[in-house]
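Undergrad:
Protein chains: 2
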Amino acid sequence: MRRDVFQAIADPTRREIINMLAHHPMNVNAVAENFAVSRTAIYKHIKMLIECGLVVVTQFGRERYLEARLESLDEVSAWVEQYRKIWTDRFFNFENYLDELETKKRKTGKRK
Amino acid sequence: MRRDVFQAIADPTRREIINMLAHHPMNVNAVAENFAVSRTAIYKHIKMLIECGLVVVTQFGRERYLEARLESLDEVSAWVEQYRKIWTDRFFNFENYLDELETKKRKTGKRK
DNA sequence: TATTTACGCAACCTAAAGGTTACATTATAT
DNA sequence: ATATAATGTAACCTTTAGGTTGCGTAAATA
């Protein structure tokens, strides 16, 4: 299992775990109960989220409370947002595209 | 290979391809030349991006121009942004957390 | 004290991801 | 007409992801 944020949120189960923990802390079993797969399977997802820093743990007797720590999602947001202007500004985009095709035509000296 | 946007951007090579195409359209070989792996490997990444709608193709003689179409990245952005308030408002978060622990204590009737 | 309960983890399995080489096809250039 | 360039794709391989069962350990409870 890798440990980067993009990979962490790639799996729908992990996104759901994040969603659950975002609203209130829960212990491992409580999280696992909400899924059809085994506790161990969920535990592995949780472990990965912990390794990514998206979830932190507080021991509490024999229980371990999981809390979402979502700041690092900002890396994802930032990555996406850098492109928003590009996909928003249709004209800019189209302009570039035509330029490229034009260059190509000139290079090959052909039409069509 | 899956076909959802979160999965598509999970791979660093695909993110780099997206970045290249975001700035100007390129053909398949041109993209592949920028990576150490084989053209086929890159082609598979591109194919997945096409299947996700993140890249569109324009045939041009024997060449195929690849253009980034990044609107669907907004799904990712939206998913992240729904949590921004939670990770920004530390107090709100902490409050919830304490509530949870308090509930737990009451339930077990124990301290520590 | 004996028994649950909550959890971590090893060992194992299957499918998918990511990569390779090799070949087929079509358009362009010679 | 032939050779080359750009691309799609099949067949195959290795690693990783995601899942399982089973067991060990520490804390809470009967």
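These protein sequence lines map, in sequence, to chains A and B. Residue numbers for the first sequence follow the UniProt record's numbering, so the first one is 1 and each next one is one higher. Residue numbers for the second sequence follow the UniProt record's numbering, so the first one is 1 and each next one is one higher. Yeah, the Cβ is synthetic: ideal placement off N, Cα and C, and Gly gets one too. The structure presented is a predicted model; accordingly, all values stated were derived computationally and were not measured.
1. DSSP has V55(A) in a bridge; who is on the other side?
2. Tell me whether the beta-carbon of R69(A) lies closer than 8 Å to the beta-carbon of V56(A).
3. Mind checking whether the beta-carbon of L21(A) lies closer than 7 Å to any heavy atom of the ligand PLP?
4. Tell me V63(B)'s beta-bridge partners as DSSP assigns them.
5. On a CA-only basis, which of A22(B), P12(B), F6(B), R14(B) is nearest D89(A)? Give me that one, please.
6. Grab the span of the alpha helix (DSSP H) containing I17(A) for me, first residue to last.
7. What does a CB cutoff of less than 8 Å around R3(B) pick up in its chain, not counting 5 residues either side in sequence?
8. Using DSSP's beta-bridge definition, name the partner residues of M26(A).
9. Name the chain B residues whose beta carbon is nearer than 7 Å to that of A10(A)?
10. Would you call the segment 6-26 of chain A in contact with the segment 38-46 of chain A, where contact means no fewer than 3 C-beta pairs closer than 8 Å?
11. Using a 10 Å radius around the Cβ and a threshold of 16 neighbouring Cβ atoms, would you call A8(B) buried or exposed?
12. In whole angstroms, give me the CA-to-CA distance for I86(A) and N19(B).
13. Pick from V28(B), R84(B), A78(B): whose alpha carbon is nearest that of R84(A)?
14. Verify the CB distance criterion: does L70(A) have a CB-CB separation below 8 Å to chain B?
15. Given a cut-off of 8 Å on the beta-carbon distance, is the pair N27(B) and E67(B) in contact?
16. Just to confirm the assignment, what range does the alpha helix (DSSP H) spanning E33(B) have?
17. Let me know the secondary structure DSSP gives R84(A) once reduced to three states.
18. Quick check on V37(B): buried or exposed, where buried means 16 or more other Cβ atoms within 10 Å of its Cβ?
19. Determine the contact status of V80(A) and L73(B), defining contact as a CB-CB distance below 8 Å.
20. Cβ closer than 9 Å: which chain A residues qualify as neighbours of I86(B)?
21. Is there a C-beta anywhere in chain A that falls below 8 Å from the one on V80(B)?
22. Shorter than 8 Å from the beta carbon of Y83(B) to some beta carbon of chain A?
23. Report yes or no: is there a C-beta of chain B within less than 8 Å of the C-beta of V76(A)?
TA: Judging by the given coordinates:
1. A68(A)
2. yes
3. Within the structure as shown, the ligand PLP is missing, as the structure has no ligands at all.
4. According to the sequence as given, residue 63(B) is Glu; it is not Val. DSSP lists F60(B) as partners of E63(B).
5. A22(B)
6. 12-23
7. M48, E51, C52
8. L66(A)
9. F6, Q7, A10
10. yes
11. buried
12. 11 Å
13. A78(B)
14. yes
15. no
16. First-last for E33(B): undefined, no H or E at that position.
17. helix
18. exposed
19. yes
20. A22, H23, A68, L70
21. yes
22. yes
23. yes
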